[in-house]
Amino acid sequence: MKAIVMRAPGKPDVLSLQEVPEPKIEKPTEILVKLKAAGINPIDTKLRQRGTFYPDQMPAILGCDGAGIVEAVGSEVREFKPGDEVYYCAGGLGKSGTGNYAQFAVVDESLVARKPRSLSFAEAAAAPLVLITAWESLYDRARLEAGQKVLIHAGAGGVGHVAIGLAKLKGAQVCTTVGSPDKERLVRHFGADEPILYKQTDFVQAVLNWTNGEGVDIAFDTVGGKTFFDSCSAVRVYGDLVTILEPDPALGNLKVARNRNLRISLELMLTPALMGLESAQKHQTEILKQCAAWIDEGKLKIHLSQTFPLEEAAEAHRLLETGSMTGKLALVIDRSKRLTII
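So in full-length UniProt numbering the end of the sequence shown lands on 342, straight run, no missing numbers.
Next up, the structure:
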């Protein structure tokens, strides 16, 4: 089969299209998926730059997110049959025999959900990792409740735009930081109540103005760096601050957070996969099932901004690394023409 292979860490050029053996079902609960699309996430570019979690198992096929059609099933598979359309977040961290920048993938059925019927394969492939990340951050870590006020950083980004949708589904009010008027219009479309143009406005002061000086109940940091520490002043006393990035102590301290008695949570949706936590992985699959229902009911949106053919994975990485993306990118398998979504 054709796959994008990474033989050593480095710049996007280390990704190349090659012929590799097709993966085989080895366990009775596994399914073989003929991939139609693969999502591209920042974790992919980080692993490409610094090396995978399994450096002794190189070369590697990247890509945590996949969507496709079930080609074959193991003897104990009960939920799926050949021809079913599925999506999932599994593999792509460097372990041999996994990864979705390819024509086929083998995945345990416990990690797979039926694809939202209303989405294309490319849209579905763009969804799993960001849906799980936003759900776990807002619902599991911060315990979001109806009526609360939430600050979501980078609301036009991959995680941010679905976080807005999930927060609104819970009945929350949402303010979000964006970098341009175009992104302001986009996040309003996703349901944001109060976009903040952070390049023109101090977001902390804007949040305090929006909440009558109290601060939000929850701040969700998808940016990291100094933004994480600055966000402490925008959260109410006894509120929650969740970040998907590791705080850098060289860029600030937690004095404000301590004085305000904030509950700080670190979110890494890859933990269940890296630690082999089966119950947590099943919880993530349930997240995908529920989100698929909401998507098909028109209650949740996925914004796919651009697709690339499989052979242009390196170019897709370059675009993602510019940091100016809205929504998500995806690789489309077995199609030579690039598509830009308006």
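We put the beta carbon where it would ideally sit given N, CA and C, even for glycine.
Assigned secondary structure, residue i (DSSP; H/G/I helix, E/B strand, else coil)
i, result
"Pro-28", "coil"
"Lys-115", "coil"
"Asp-65", "strand"
"Ser-265", "strand"
"Ile-287", "helix"
"Asp-248", "coil"
"Ile-333", "coil"
"Ser-137", "helix"
"Lys-183", "helix"
"Arg-143", "coil"
"Glu-76", "coil"
"Pro-272", "helix"
"Leu-231", "At residue 231 the sequence reads Ser, which differs from the Leu that was named. Here Ser-231 sits in helix by DSSP."
"Ser-305", "strand"
"Leu-300", "coil"
"Leu-93", "coil"
"Gly-10", "coil"
"Gly-327", "coil"
"Lys-81", "coil"
"Leu-277", "coil"
Residue i classed as buried or exposed, judged by whether at least 16 other C-beta atoms fall within 10 angstroms
i, result
"Phe-53", "exposed"
"Ala-266", "Rather than Ala, the amino acid found at residue 266 in this sequence is Leu. So Leu-266 counts as exposed."
"Pro-55", "exposed"
"Ala-250", "exposed"
"Pro-195", "buried"
"His-90", "Here the sequence assigns Ala to residue 90, which means His is not the residue at that position. Classification for Ala-90: buried."
"Gly-97", "exposed"
"Glu-246", "exposed"
"Tyr-87", "buried"
"His-153", "buried"
"Ser-118", "exposed"
"Thr-271", "exposed"
"Gly-215", "buried"
"Leu-111", "buried"
"Arg-48", "buried"
"Ile-4", "buried"
"Ala-163", "buried"
"Lys-226", "exposed"
"Gly-298", "exposed"
"Thr-307", "buried"
Unbroken beta strand (DSSP E) run spanning residue i, endpoints
i, result
"Cys-89", "85 to 89"
"Val-159", "That residue, Val-159, is in no beta strand (DSSP E); its alpha helix (DSSP H) goes 158 to 169."
"Ala-105", "104 to 108"
"Arg-236", "235 to 243"
"Leu-319", "Unbroken run through Leu-319 is the alpha helix (DSSP H), 313 to 320; no beta strand (DSSP E)."
"Glu-19", "15 to 19"
"Leu-151", "149 to 152"
Distance between beta carbons of residue j and residue i, contact taken as under 8 Å
i, j, result
"Gly-157", "Thr-243", "Gly-157 to Thr-243, Cβ: 14 Å. No contact."
"Ala-67", "Phe-121", "5 Å"
"Lys-170", "Leu-144", "5 Å"
"Leu-62", "Met-6", "6 Å"
"Gly-252", "Phe-229", "3 Å"
Residue interval of the alpha helix (DSSP H) (run including residue i)
i, result
"Thr-201", "First-last for Thr-201: undefined, no H or E at that position."
"Arg-50", "42 to 50"
"Ala-3", "Note, Ala-3: premise wrong, no alpha helix (DSSP H); beta strand (DSSP E) at 2 to 6."
"Val-256", "255 to 259"
"Phe-220", "First-last for Phe-220: 216 to 221, but that is the beta strand (DSSP E), not the alpha helix (DSSP H)."
"Phe-53", "Neither: Phe-53 is in no alpha helix (DSSP H) and is coded neither H nor E."
"Ala-122", "121 to 125"
Cβ-based neighbour list, residue i, same chain, cut-off 6 Å, excluding 5 preceding and 5 following
i, result
"Glu-79", "Glu-109"
"Ala-142", "Ile-218, Asp-240 and Val-242"
"Ile-287", "Ile-132 and Trp-135"
"Val-256", "Cys-232 and Ser-233"
"Gly-39", "Asp-65, Ala-125, Ala-126 and Ala-330"
Cβ neighbours of residue i in the same chain (closer than 7 Å, five flanking residues each side left out)
i, result
"Lys-168", "Val-174 and Gly-191"
Beta-carbon proximity list for residue i, same chain, < 8 Å, skipping 5 on both sides
i, result
"Ala-146", "Lys-170, Gly-171 and Ala-172"
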